[in-house]
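Have a look at the structure below, then the notes.
Numbering (this note's numbering), first residue to last: 1496 to 1658.
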């Protein structure tokens, strides 16, 4: 019975996995004190579920902070996150509300082409956007026939010549 040894890098053991932050979203944090509007503290609040891309502070809106971040999935964003600060064993904590404003799935290509729909036998083809330059087919009997413009022009010319 032999002994089998395998050597791996210290950070690539059996529990090593890849992780893709494939959702980019705008998150609003409400209740984070303005004194903590710095990269270090914002990263501390978001670290369990997101990576910060950038953030925007508005001095007129001291109750909210808007952050652009990447997340693994939207379900990992909690509705509330507890943020604490303080030296040693005594400190302060705040509950920060997190809401998703907008999100985009990264790396998604558009869908494949669809088959051309079958044309209807009893009318003009349907369009995606009605009224944008398409010809309108109306019953001919509903309109008066157009006057003969050539005849009217010939009559006017004859009257002008006789005068």
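Ideal Cβ placement from N, Cα and C applies to all residues, glycine included. These numbers come from a predicted model, not from an experiment.
Nearest-angstrom Cβ-Cβ length linking residue i and residue j, presumed shorter than 8 angstroms
i	j	result
residue 1547	residue 1578	At roughly 14 angstroms, the Cβ-Cβ gap does not stay under 8 angstroms, so residue 1547 and residue 1578 are not in contact.
residue 1562	residue 1537	7 angstroms
residue 1597	residue 1521	5 angstroms
Residue i classed as buried or exposed, judged by whether at least 16 other C-beta atoms fall within 10 angstroms
i	result
residue 1507	exposed
residue 1556	exposed
residue 1591	buried
residue 1603	exposed
residue 1550	buried
residue 1514	exposed
residue 1606	exposed
residue 1498	exposed
residue 1501	exposed
residue 1503	exposed
residue 1527	buried
residue 1541	buried
Neighbourhood of residue i by C-beta, 6 angstroms cutoff - its chain only, sequence neighbours within 5 removed
i	result
residue 1545	1564, 1566
residue 1601	1517, 1519
residue 1559	1523, 1525
residue 1599	1519
Span of the beta strand (DSSP E) around residue i
i	result
residue 1594	1587 to 1600
residue 1572	Per DSSP, residue 1572 belongs to no beta strand (DSSP E) and is neither H nor E.
residue 1521	1518 to 1525
residue 1560	1559 to 1566
residue 1550	1545 to 1551
Residue range of the unbroken alpha helix (DSSP H) whose run includes residue i
i	result
residue 1536	1534 to 1541
Residues near residue i by beta carbon distance below 7 angstroms, same chain, minus five either side
i	result
residue 1581	1587
residue 1568	1518
residue 1552	1532, 1560
Sequence-distant residues of its chain with Cβ nearer than 8 angstroms to residue i (five each side left out)
i	result
residue 1575	1590, 1591, 1592, 1593
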